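Shown next, in structure tokens, is the structure this report addresses.
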Amino acid sequence: MSSWREGWKRIGPWGRALLRAALLLMLLHVLVARWVIVRSTSMFATLLPGDVVLVERWPIWTGFQRGDIVVFHDPLKDDRPRSRRPLVVKRLIGLPGDTVLLREGKLFVNGERLGPYTDETHRYLVRLARDDLADSVCFTVGLPAGSGILEGGAVELPLNDSLAELVRRSNGVRSVEPLSRRGAPGRYLFPYSPNFRWSMSDYGPFHVPKAGDTVRLDLYTLPLFDRLVTRYEGHTLHVDDERVLVDGRPTGRYVVGSDHYFVLGDARDNSSDSRSWGCVPADHLVGRVGPVLLSWDDDRHSIRREGGPRWVDR
Numbered sequence: 002m003s004s005w006r007e008g009w010k011r012i013g014p015w016g017r018a019l020l021r022a023a024l025l026l027m028l029l030h031v032l033v034a035r036w037v038i039v040r041s042t043s044m045f046a047t048l049l050p051g052d053v054v055l056v057e058r059w060p061i062w063t064g065f066q067r068g069d070i071v072v073f074h075d076p077l078k079d080d081r082p083r084s085r086r087p088l089v090v091k092r093l094i095g096l097p098g099d100t101v102l103l104r105e106g107k108l109f110v111n112g113e114r115l116g117p118y119t120d121e122t123h124r125y126l127v128r129l130a131r132d133d134l135a136d137s138v139c140f141t142v143g144l145p146a147g148s149g150i151l152e153g154g155a156v157e158l159p160l161n162d163s164l165a166e167l168v169r170r171s172n173g174v175r176s177v178e179p180l181s182r183r184g185a186p187g188r189y190l191f192p193y194s195p196n197f198r199w200s201m202s203d204y205g206p207f208h209v210p211k212a213g214d215t216v217r218l219d220l221y222t223l224p225l226f227d228r229l230v231t232r233y234e235g236h237t238l239h240v241d242d243e244r245v246l247v248d249g250r251p252t253g254r255y256v257v258g259s260d261h262y263f264v265l266g267d268a269r270d271n272s273s274d275s276r277s278w279g280c281v282p283a284d285h286l287v288g289r290v291g292p293v294l295l296s297w298d299d300d301r302h303s304i305r306r307e308g309g310p311r312w313v314d315r
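In structure tokens:
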């Protein structure tokens with residue numbers, strides 16, 4: 002103990018002050034808040050690519066609410082330690098135990114309509130007088146250059162009513178029309194099984210796993226729970242002569258060990274989210290998005306004047 006005190010005195014008052022400041026910053030980072038840069042357009046137009054957001058850490062302990070915008074470690078990058086995975090930003094739609102359903106693009110949770118959120122966007126087809134006007138239209142609404150370019154002087158963009166009207170008033174725009182939200186069953190949608198022929202706009206009903214849930218485990222339901230059992234909860238899983246074996250023992254039931262969450266992007270037709278790869282385990286959550294501190298426009302190499310500070314819709 003005396004050697005520790007001597008070492009503490011030896012570093013001097015400035016050294017002690019710097020050490021205390023470093024420890025305080027570390028505690029704030031872990032317990033209170035951190036900042037994250039939004040990289041994708043999946044939350045457009047609630048959040049823009051280049052937005053720097055403050056992430057509130059305390060909901061990890063106090064609990065999240067349906068509709069929160071959350072930050073979490075990418076569940077698909079499980080070939081590396083969790084702390085080294087990319088961070089993803091989405092809106093929390095389904096809490097543990099909820100049932101989520103999309104029908105013709107309309108969202109329901111536990112049988113009740115949810116949303117739409119203020120800046121939620123869907124696919125629009127924008128026809129232009131010239132191809133070289135595409136980037137200008139993207140800049141108008143805050144999207145990166147090159148977004149959604151199609152052949153024949155058209156772009157497909159995530160817009161809402163107010164943004165669509167803004168684009169209509171832009172020079173060289175011939176028409177702006179919403180695209181159908183009906184989609185064919187997706188081969189690449191979770192749970193990747195012909196037994197669940199869901200699409201981006203017609204998805205579910207999907208039960209969000211909750212700690213303590215007892216779920217049926219057989220060849221039909223296996224695609225729903227394979228990743229949960231093996232990747233997230235660390236068990237082995239095999240199929241032997243149509244029997245499902247967990248940790249080498251045949252079973253027809255599985256008790257879920259931890260809570261999970263269902264997330265969607267606000268750019269509902271242009272987002273890789275729980276429809277694509279399933280739910281987010283509770284231990285992957287980093288925190289809840291608070292205010293946007295500032296917004297960086299990477300194409301123009303400048304801070305967006307209207308980008309922040311601002312609060313986002315929850």
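Residue numbering for the sequence shown follows the working numbering, beginning at 2 and increasing consecutively. Every residue, glycine too, gets a C-beta built ideally from N, C-alpha and C. The structure displayed is predicted, hence computed values, not measured ones.
Cβ-based neighbour list, SER272, same chain, cut-off 6 Å, excluding 5 preceding and 5 following:
SER43, GLY266
Among VAL240, VAL247, LEU220, the one whose alpha carbon lies nearest that of THR1
The structure shown does not extend to residue 1, since the chain is modelled only from 2 to 315, so the question has no answer here.
How should PRO206 be labelled, buried or exposed, when 16 other C-beta atoms within 10 angstroms of its C-beta is the threshold for buried?
exposed
Go through its chain and collect everything with a Cβ distance to VAL98's Cβ below 6 Å, but skip five positions before and after it.
The residue asked about is misnamed: residue 98 is Gly in this sequence, not Val. So the list reads LYS211, once near-sequence residues are dropped.
Could you tell me the boundaries of the alpha helix (DSSP H) in which VAL313 lies?
Counting along the chain, VAL313 falls outside any alpha helix (DSSP H), and DSSP gives it neither H nor E.
Residue ranges of each beta strand (DSSP E) run of no fewer than 3 residues wholly in the stretch 200 to 271, ordered along the chain?
Whole beta strand (DSSP E) segments, 3+ residues: 204 to 208, 215 to 217, 238 to 241, 244 to 247, 254 to 256, 261 to 265.
Can you find at least 3 beta carbon pairs, one from the stretch 125 to 143 and one from the stretch 164 to 173, that sit closer than 8 Å?
yes
Look at LYS69 and LEU103 and say whether their C-beta atoms are less than 9 Å apart.
In the sequence as displayed, the identity of residue 69 is Asp instead of Lys. No.
I'd like to know whether the C-beta atoms of VAL264 and LEU55 end up nearer to each other than 9 Å.
no
Return the first residue and the last residue of the alpha helix (DSSP H) that LEU164 is part of.
162 to 169
Taking the beta carbon of ASP314 as the centre, do at least 16 other beta carbons fall within 10 Å, making it buried, or is it exposed?
exposed
Using DSSP with H/G/I as helix, E/B as strand and the rest coil, what is ARG83?
helix
Going by CA-CA distance only, name the one from VAL127, THR215, PHE73 that's closest to GLY153.
VAL127
What did DSSP end up calling ILE12 once you bin it into helix, strand or coil?
In the three-state scheme derived from DSSP, where H, G and I count as helix and E and B as strand, ILE12 is classed as coil.
Considering only DSSP beta bridges, list what PRO159 is partnered with.
ARG124
Which residue marks the beginning of the beta strand (DSSP E) containing PRO292, and which one marks its end?
286 to 298
Does the beta-carbon distance from ASP75 to PRO87 come in below 9 Å?
yes
Measuring straight from C-alpha to C-alpha, what distance separates PRO145 and SER84?
28 Å
Bridge partner(s) assigned by DSSP for ASP52:
SER296
Take the Cβ of GLU105 as the centre, count every other Cβ of all protein chains shown within 10 Å, and call the residue buried at 16 or more, exposed below.
exposed
Measure the Cβ-Cβ separation of ASP298 and GLY308 and say whether it is below 9 Å.
Yes; because the gap between Cβ atoms is below 9 Å, this pair is in contact.
Can you grab the Cα-Cα spacing for the pair TYR262 / LEU294, in whole Å?
Each residue's Cα considered, the two are about 26 Å apart.
Which word fits VAL256, buried or exposed, when buried means at least 16 other C-beta atoms lie within 10 angstroms of its C-beta?
exposed
For the alpha helix (DSSP H) that contains PRO60, what are its first and last residues?
60 to 63
Between the Cα of ALA130 and those of VAL89, VAL177, ARG250, SER303, spot the shortest distance and give me the residue it belongs to.
VAL177
Three-state secondary structure (DSSP) at ALA34?
strand
Mind checking whether ASP120 and PHE45 have CB atoms under 9 Å apart?
yes
Have a look at HIS123 and ARG198 and give me their C-alpha separation to the nearest angstrom.
22 Å
Assuming TYR125 and LEU167 are in contact, meaning their beta carbons sit under 8 Å apart, how far apart are those beta carbons, in whole angstroms?
11 Å between Cβ atoms; not a contact.
I'd like to know whether the C-beta atoms of VAL148 and LEU160 end up nearer to each other than 9 Å.
A small fix is needed here, since residue 148 is Ser in this sequence, not Val. No, these two residues do not count as a Cβ contact at 9 Å.
Nearest to LEU77 (by Cα), restricted to the options GLY279, TYR193, LYS107, VAL110
The candidate whose alpha carbon is nearest that of LEU77 is GLY279.
Can you tell which of MET201, PRO117, VAL71 has its C-alpha closest to the C-alpha of LEU96?
Looking at MET201, PRO117, VAL71, the one whose alpha-carbon comes closest to that of LEU96 is VAL71.
Looking at the strands, I want to know which residues DSSP matches up with THR100.
HIS208
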